[in-house]
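The structure appears right after this line, and notes come after that.
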Amino acid sequence: MAVVNFPPRQIGPFMSEVLTLGFADESGAIVLAAVDRPVPNGQRLM
1 MAVVNFPPRQ
11 IGPFMSEVLT
21 LGFADESGAI
31 VLAAVDRPVP
41 NGQRLM
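Using the working numbering, the first residue of the sequence shown is number 1, and each one after it goes up by one.
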């Protein structure tokens, strides 16, 4: 999943035009938000 139609933002040396969404899994690794990837209930959207 991603958010579009945001104004472009400078992130390091790159211009970003899309905001991707993710959650932390049990080990703290970021899992990109997708309908087929389970994450624990109550996890904060990153």
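Backbone N, C-alpha and C fix where the C-beta goes; we use that ideal spot for every residue, glycine too. Every value quoted in this text rests on a predicted model; they were computed, and no experiment measured them.
Assign residue i to one of three DSSP states: helix, strand, or coil.
i	result
ARG9	strand
PHE3	The identity of residue 3 in the sequence shown is Val, whereas the question assumes Phe. Of the three classes helix, strand and coil, the one that applies to VAL3 here is strand, per DSSP.
ALA66	An answer regarding residue 66 cannot be provided, because it is not within the stretch 1 to 46 covered by the chain.
VAL18	coil
VAL47	Any answer about residue 47 is impossible in this case: the structure gives the chain only from 1 up to 46.
So does residue i have its beta carbon nearer than 6 Å to some heavy atom of the ligand SAH?
i	result
PRO38	For the structure depicted, the ligand SAH is absent and the ligand set is empty, with no information on it obtainable.
Leaving out five residues before and five after residue i in sequence, what residues of the same chain have Cβ atoms less than 6 Å from its Cβ?
i	result
ALA33	MET1, LEU21 and GLY22
MET15	PRO8
Compare the C-alpha of residue i against each of the options and name the closest.
i	options	result
VAL39	PHE14, ASP25 and ASN5	ASP25
VAL4	PRO13, LEU19 and GLN10	LEU19
CB-CB under 8 Å to residue i, same chain, minus the five flanking residues each way: which ones, in chain order?
i	result
MET46	LEU21, GLY22, PHE23, ALA24 and ILE30
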